[in-house]
Structure formats: C-alpha cells, structure tokens
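Chemist: Structure below; questions to follow.
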Amino acid sequence: MATKKDLVIVILATFCLALTLFTVLPTHSSAGTASEYDPWADINDDGKIDMKDISYAARLFGAYGDPTKSVTVNDNWTEGNSTFSLSFTDSQTYTIPVGGFKTATFTIFAETRTGFDLSLDVGWLTTGSLVDHTSILLHYYETIISLPGGEIFYRYRYRSTFDVTSSAMAITIQGNGTLIYPTTNGTFFYHLNT
Ligand SMILES: [Ca+2]
1002 MATKKDLVIV ILATFCLALT LFTVLPTHSS AGTASEYDPW ADINDDGKID MKDISYAARL
1062 FGAYGDPTKS VTVNDNWTEG NSTFSLSFTD SQTYTIPVGG FKTATFTIFA ETRTGFDLSL
1122 DVGWLTTGSL VDHTSILLHY YETIISLPGG EIFYRYRYRS TFDVTSSAMA ITIQGNGTLI
1182 YPTTNGTFFY HLNT
C-alpha cells in the first residue's frame, strides 16, 4: 500500500521528469538562463543541479534535524613580517619557505631621506640554489617636508603577488643611501596562500 511519503516522491519525480522533458537546451552556464547554480542545492557536489540532487532530497522528505552544515575550508595561508634598517647601499635578504603554497604576496613600507630608488630582487630557490629571479626598482610615492632646513622624507610603498614555482623564495631589499643621509628604514611583509 502506497504511503503518503511514496506519493510525494512520485509527484516530485513526475514534476522533475516533466521539467527535464520541457527543457530545450540544458546548459552548464548560468549566463542567459533563468536559474542560477546554487552550490547549497548541489547535494553531491558534482557541479550541477540534477535529478541526483532532487531524488536525494525527495528520499529524505519529511525528516527533521539540526540545520547546521559542516563546511570544509581548503584555504590555507601563512604570513610574517620583519623590520629592516639599511645603511648606505647595504642589503637585507629574506629566505622564505613557500613549498605547498600557490601565491606569495610581498609588501614593503619604507622611509628614507635620500629620495633614491630602493631596489628589490625576487628570487626563486630550488634546493637552496637560485633558479630564477626578477629585479624591481621601487619608486617613492610621497614626499614629506618635516624637518627644519628643508630635509625631505620620502616614503615607499610596494605590494605585488607572485606565483610560487619553487620550494623557497629569496627577497633582497637594497638601499641607495648617500653619505649625507645613509639610512633606509622599513618593514617587509609576506603572505603565502594556497
Ligand atoms: Ca549535483
């Protein structure tokens, strides 16, 4: 003997079948269609809403419970920072293990009284050896006249994201201090993300 639950399943299945038959051109893209993909409705997480999702819900029709959903977060990241103080044309190198991450974002804030460019070298290391690198000149973006006698402070701000293609990266920041105003002070930040 058919139960009420069975009847509901039959009605739902019939409705879905009719829906399928009257759909002229099903598409995987949400563009140009009346309904948009909702990952919460994709019960089996296969990237499409179809009978498999609906039949699963139909089988559980009438059930009650706690609506809290378990979510797995795959995103993983780490970050760090360090201050530097470079005299004259000294340089500071940071070697950062980046294995297992996809992107590395580097941010530098610095201040000097020279007004010359800072140079930055971004290197990719494999088993400790430099396999590739790129050199970048950092230009100051702001001048601040803050001292008597016309001394000028220059501020630098840099941020860029690189694809990780090795197990470690070496970041070298080099100052361009003069004999008169030799010191460049700043902070280096890194953020690694999967
Ligand atoms: Ca699905």
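All residue numbers for the sequence shown refer to my numbering, where the first residue is 1002 and numbers rise by one.
Note that beta-carbon positions come from the ideal geometry of N, C-alpha and C, so glycine has one too.
Determine, using beta-carbon pairs with one atom in the region 1075-1084 and one in the region 1130-1137, whether at least three such pairs fall under 8 Å.
Modeler: no
Chemist: To the nearest angstrom, how far is it from the Cα of S1056 to the Cα of D1122?
Modeler: Within the sequence shown, residue 1056 is the residue found at index 55, counting from 1. Within the sequence shown, residue 1122 is the residue found at index 121, counting from 1. Rounded to whole angstroms, S1056 to D1122 spans 57 Å at the Cα level.
Chemist: Could you please give the first and the last residue of the uninterrupted alpha helix (DSSP H) stretch that includes R1114?
Modeler: For this step, residue 1114 is matched to residue 113 along the sequence shown. First-last for R1114: undefined, no H or E at that position.
Chemist: Within 10 Å of its beta-carbon, does F1107 have 16 or more other beta-carbons around it, so buried, or fewer, so exposed?
Modeler: In the sequence shown, counting from the first residue as 1, residue 1107 sits at position 106. With 16 or more Cβ atoms within 10 Å of its Cβ, F1107 is classed as buried.
Chemist: Could you give the distance in angstroms between the alpha-carbon of I1145 and the alpha-carbon of T1113?
Modeler: Here residue 1145 refers to the residue found at position 144 when the sequence shown is read from its first residue. Here residue 1113 refers to the residue found at position 112 when the sequence shown is read from its first residue. Cα-Cα distance, rounded: 10 Å.
Chemist: Of the choices I1050, R1160 and D1067, whose alpha-carbon is the least far from that of F1110?
Modeler: By 1-based counting over the sequence shown, the position of residue 1110 is 109. Measuring from the Cα of F1110, the nearest candidate turns out to be R1160.
Chemist: Go ahead and pull the three-state DSSP assignment for S1036.
Modeler: As a first step, residue 1036 must be located in the sequence shown, where it is residue number 35. S1036 falls in the coil class under three-state DSSP.
Chemist: Compute the distance between the beta-carbons of L1087 and D1118, then report whether it is under 7 Å.
Modeler: Position 86 of the sequence shown, counted from the first residue, corresponds to residue 1087. Position 117 of the sequence shown, counted from the first residue, corresponds to residue 1118. No.
Chemist: Mind checking which residues open and close the alpha helix (DSSP H) that includes I1055?
Modeler: Along the sequence shown, one-based indexing puts residue 1055 at 54. Run containing I1055: M1052 to R1060, per the alpha helix (DSSP H) assignment.
Chemist: Per DSSP, F1085 is paired with what?
Modeler: Within the sequence shown, the letter at position 84 stands for residue 1085. Beta-bridge pairing links F1085 to G1187.
Chemist: Please state the DSSP three-state secondary structure of A1042.
Modeler: Within the sequence shown, numbered from 1, the residue matching residue 1042 stands at position 41. Of the three classes helix, strand and coil, the one that applies to A1042 here is helix, per DSSP.
Chemist: Which of the three DSSP states, helix, strand or coil, is assigned to D1133?
Modeler: If you number the sequence shown from 1, residue 1133 lands on position 132. It is a strand residue.
Chemist: Keeping to the same chain, check which residues put their C-beta closer than 6 Å to that of A1042; ignore five residues upstream and five downstream.
Modeler: Translated into the one-based positions of the sequence shown, residue 1042 becomes position 41. I1050.
Chemist: Look up P1098 in the DSSP assignment and give the residues it is bridged to.
Modeler: Within the sequence shown, the letter at position 97 stands for residue 1098. P1098 is bridged to A1169.
Chemist: What does S1120 pair with, by DSSP beta-bridge criteria?
Modeler: Locating residue 1120 in the sequence shown gives position 119, counting from the first residue. BP columns for S1120 point to L1138 and Q1175.
Chemist: Rank T1162, W1125 and D1047 by C-alpha distance to the C-alpha of Y1191 and give the top, closest one.
Modeler: Along the sequence shown, read from residue 1 onward, the residue named residue 1191 stands at position 190. The option with the nearest alpha carbon to Y1191 is T1162.
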